[in-house]
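Asks: After the structure tokens below, expect a handful of questions from me.
Protein chains in written order, with my numbering: chain W, 10 to 128; chain V, 10 to 128.
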């Protein structure tokens, strides 16, 4: 029975936009990711997507507005909602989504990451 | 589109052991709860249960060991695993579990709380 320490897990990698799995909840996965710079516009047609900012500030651009999320703030992007995450400075984020979700959703991109890397 | 600020949500109630729903992720609910004192032994036969400590320290007693979880630490209690949460001092926790889960699982208790209160 091993608990997960978020700071310890974040210290194990430095690259941006590559979610790492840290735990599972039924058929969902808990992931952490470091964000910096611009991500691509995308959506997930089949699932909502949970964001919780652990450290720093990120933005989620939607078609009608842009949301700023800082440490201790969370948002669940509804399924099928086009969004574009970005961060001016490095931001540490927890994500939760069903197992197998691809980070870029329906969009193909050089930012598309492997979706089965544990850390 | 409203983000959720955890500190703000925690400031809206003071009672212990009564989870409040703050968001939904597909058919899961994101809840926050303040813990202090002893909870009852229970398990959830149908689902894992996610704990993330937002502030303070809590303990989860299992049949074979006791886990200490402090700020920035998380654990997913596997389905069917008997456990007893407790906290010496008030501890603020985020929980995630499928909609409709009862806090005391299979155990009936005066600590059984309503499972549909939003905050």
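Beta carbons are placed, not taken as given, at the ideal position from N, Cα and C, and that holds for glycine.
Kindly indicate if chain V contains any beta-carbon less than 8 Å away from that of residue 22/W.
Replies: Your numbering for residue 22/W matches position 13 in the first chain. No - not a single Cβ of chain V is within 8 Å of the one on residue 22/W.
Asks: Are any of the Cβ atoms in chain V nearer than 8 Å to that of residue 95/W?
Replies: Mapped onto the first chain, residue 95/W falls at position 86. By this cut-off, residue 95/W is not an interface position.
Asks: Taking three-plus beta-carbon pairs below 8 Å as touching, is the stretch 27-41 of chain V in contact with the stretch 101-112 of chain V?
Replies: The stretch 27-41 of chain V is in contact with the stretch 101-112 of chain V.
Asks: Per DSSP, what are the beta-bridge partners of residue 90/V in this structure?
Replies: In the second chain, residue 90/V corresponds to position 81, counting from 1. Paired residues: none, contrary to the question.
Asks: Taking residue 82/V as the query, report the chain W residues whose CB atoms sit under 8 Å from its CB, ordered along the chain.
Replies: Here residue 82/V is taken as the residue at index 73 of the second chain, counted from 1. Neighbours of residue 82/V on chain W, chain order: 12, 13, 14 and 15.
Asks: In chain W, which residues lie less than 9 Å from residue 56/V when you measure between Cβ atoms?
Replies: The residue labelled residue 56/V in the question sits at position 47 within the second chain. Neighbours of residue 56/V on chain W, chain order: 34 and 35.
Asks: Name the DSSP bridge partner or partners of residue 28/W?
Replies: Along the first chain, one-based indexing puts residue 28/W at 19. None; residue 28/W has no bridge partner.
Asks: I'd like to know whether the C-beta of residue 44/W is nearer than 8 Å to at least one C-beta of chain V.
Replies: Within the first chain, numbered from 1, the residue matching residue 44/W stands at position 35. With 8 Å as the cut-off, residue 44/W does not count as an interface residue toward chain V.
Asks: Within its chain, find whatever has a CB closer than 7 Å to the CB of residue 88/V; leave out the 5 residues flanking it on each side and keep chain order.
Replies: Residue numbering aside, residue 88/V sits at position 79 when the second chain is read from its first letter. Counting only Cβ-Cβ distances below 7 Å, and skipping sequence neighbours, we find 53, 54, 55, 56 and 57.
Asks: Can you confirm whether the stretch 73-90 of chain W touches the stretch 11-26 of chain V when touching is taken to mean that 3 or more C-beta pairs between the two stretches lie within less than 8 Å?
Replies: Output reads yes: the stretch 73-90 of chain W touches the stretch 11-26 of chain V.
Asks: Looking at residue 94/W: is its Cβ nearer than 8 Å to the Cβ of residue 69/W?
Replies: Position 85 of the first chain holds residue 94/W. Position 60 of the first chain holds residue 69/W. Yes.
Asks: Which residues in chain V have a C-beta closer than 7 Å to the C-beta of residue 74/W? List them in chain order.
Replies: Within the first chain, the letter at position 65 stands for residue 74/W. Ordered by position in chain V, the residues that pass the 7 Å Cβ test against residue 74/W are 10.
Asks: For residue 101/W, which of helix, strand or coil comes out of DSSP?
Replies: Translated into positions along the first chain, residue 101/W becomes position 92. Correct three-state label for residue 101/W: strand.
Asks: Contact criterion: CB-CB distance below 8 Å. Does residue 104/V meet it with respect to chain W?
Replies: As a first step, residue 104/V must be located in the second chain, where it is residue number 95. It does not: the Cβ of residue 104/V has no partner Cβ on chain W nearer than 8 Å.
Asks: Interface residues of chain W around residue 59/V at Cβ under 9 Å?
Replies: Mapped onto the second chain, residue 59/V falls at position 50. What residue 59/V touches in chain W: 32, 34, 37, 39 and 105.
Asks: Does DSSP put residue 12/V in a helix, in a strand, or in coil?
Replies: For the purposes of this step, residue 12/V is taken as residue 3 along the second chain, with counting starting at 1. Note: residue 12/V maps to coil in three-state DSSP.
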